[in-house]
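At the far end of the sequence shown sits residue 415, using the working numbering, and the numbering has no gaps. Don't be surprised by glycine CBs; every beta carbon is placed ideally from N, CA and C. As the structure is a prediction and not an experimental result, all values here were calculated from the model.
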Amino acid sequence: MASRGGEFKRPGMGARVVSTFGNYLFRQAFSALALILLSLCGVVWIALALKQLKLVTSKGQDVVTMVTMTTLAVPKLLAVIAPIALLIAVIHILSRLNNDSELIVVTASGGSIWRIARPLLLLAAFVAGLVAFVNHIGMPWSLRMLRAKITEVRSNLISQVLLPGRFSTPEDGVVVHIRSRGLDGTLYGLLISDHRKKTHMSYLAERGKVVKQDGGSYLVMENGHILRGANDFSPREILAFTSYPIDLERFERRTVGHVWKPQERYLNELIYLEDKALKHERLGRYKSELHERFSGPLYPFLFVLLAVAFVGQAQSTRKNRTQMIAMAFLVAALFRGGGLALNNMVSLNTSLAPLMYLLPTLGIALALWMIVRNEHPRPGLSVGDRMNLALGDLLAWMRSLLSRCSALQPGE
């Protein structure tokens, strides 16, 4: 097909150019996402590892155990971290496109904003799938493994690590003392003091032994007494027993059957609850976890659309660009914080569950409306500019208030 100036343009060349740009943008955004996600996970891992140092310093465990337990705790936070990493990556890519004048070129060539949004939405779909996988499979599996590891550490601590004749603290508020340990692992002269709750419990037994049953570890004490009181100075109630089992997972009396916590349950276990589950947690805790798993994958789409709505337009000044980036982060934080707040509210009132889906859906609708308004501008300020001005007025008012407070002298 002949074109103006005698140049020839083969059919489908424009589509290939669009496809090439989309692939380029997707690769750049994916690389940024991977780097940021790994960095955030690394920061979270280090923070969790610092909390687990006492496993090595005071509980006699090796470094491998600490690393394993820290790694198993990361998937629980990955569903929240991944959308945030996506937001940072998309804003970074859009800012770089603006700094390199690529957004201006796309706009000047008649390209639609959706030419930029499509590959980013594809990346959002990938992150949404990752969040769904973590919520339904990764997190329950890792938390179950973590629970088993914690129980193993406690059973090893009681049966192998504790030194006879010394007081040890396997958990805050729990003190354990043994007189001696037999060759078969039997503990003699056992004393356990539990001050974690309002009712203080003290256990004294002639002997005890750690046994594993029903997927858990239990300390079975024989021939002893239980001292129970409101505090250290109140009169004690003394109960005698011939055999008394304690669940080493919580250092509490063994219950019949094993009950998984809401975050440790797979999807079918959240939908079909057994009677004993409702005796340990209220129904709202299970329902809020169930709806959080389904509403969580909506936030990657919301964050991408918010980034495109605020930062997807070419900006000529650095000040406007910075303010738009701040607005994108602020609005995204408000929506995600509102979602977490609704999660807690649903645990108290299950009738509020539809709001967990309505909030991100309204955010997506708002972002789409802003994108359409930006693509077809009308006379007057755009929505983003109005929000930008409102943010500027708020910051100016806060600076004025702080300056007035600092100018006040004591006694005025």
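The shortest C-alpha to C-alpha distance from M373 to any of L230, A37, K264, Q316 is the one to Q316. In the DSSP assignment, no residue is bridged to F24.
Exclusion of the five residues before and after R118 leaves V21, F24, G25, V109 as the residues of its chain whose Cβ lies within less than 8 Å of its Cβ. Here E225 is near T245, since their CB atoms are less than 8 Å apart.
Taking 4 residues as the minimum length, the alpha helix (DSSP H) runs contained wholly in the stretch 117 to 177 are 117 to 136, 142 to 159, in order along the chain. With fewer than 16 other beta carbons inside 10 angstroms of its own, Q216 counts as exposed. L365 sits in a helix when the DSSP states are folded into three classes. By the Cβ neighbour-count rule, E277 is exposed, with fewer than 16 other Cβ atoms within 10 Å of its own. The beta carbon of D175 lies closer than 8 Å to those of R199 in the same chain, with the five residues before and after it left out.
Closest in alpha carbon position to V213, among D187, Y206, E284, P238, is D187. Rounded to whole angstroms, L343 and T68 show a C-alpha spacing of 31 Å. About 5 Å separates the Cβ atoms of K290 and T353, confirming a contact at the 8 Å cut-off. In the assembly as shown, Y275 is an exposed residue. Its beta-carbon has fewer than 16 other beta-carbons within 10 Å. Put simply, the stretch 117 to 136 touches the stretch 26 to 34. At least three CB pairs are less than 8 Å apart. In chain order, V77, L81, I84 place their CB closer than 8 Å to the CB of C44, counting only its own chain and leaving out the 5 sequence neighbours on each side.
DSSP places P265 outside any beta strand (DSSP E), giving it a letter other than H or E. When secondary structure is reduced to three states using DSSP, Q55 falls in the coil class, being assigned neither helix nor strand. For V156, the closest alpha carbon among the candidates P173, P167, I140, E267 is that of P173. Contact between the stretch 37 to 52 and the stretch 88 to 98 is established, with three or more Cβ pairs separated by less than 8 Å. By the criterion of at least three beta-carbon pairs nearer than 8 Å, the stretch 286 to 302 is in contact with the stretch 130 to 143. Per DSSP, A312 lies in no beta strand (DSSP E) segment; the continuous alpha helix (DSSP H) that holds it begins and ends at 301 to 314. Bridge partners of L242 according to DSSP: I229. In the displayed model, R184 falls within a strand according to three-state DSSP.
Per DSSP, R210 is one residue of the beta strand (DSSP E) stretching across 203 to 216.
Non-local beta-carbon contacts of L333 in its own chain, meaning distances under 7 Å to residues more than five positions away in sequence, are absent.
When rounded, the separation of the alpha-carbon atoms in A233 and S196 is 13 Å. Leaving aside the five residues that flank E209 on each side, the residues in its chain whose CB is nearer than 8 Å to its CB run, in chain order, Y191, G192, L193, E225, N226, G227. Distance check between S34 and each of P86, T73, L126 places L126 closest, using alpha-carbon atoms only. With contacts defined by Cβ atoms closer than 8 Å, L358 and G287 do not form a contacting pair. CA-CA distance, A128 to L230, rounds to 57 Å.
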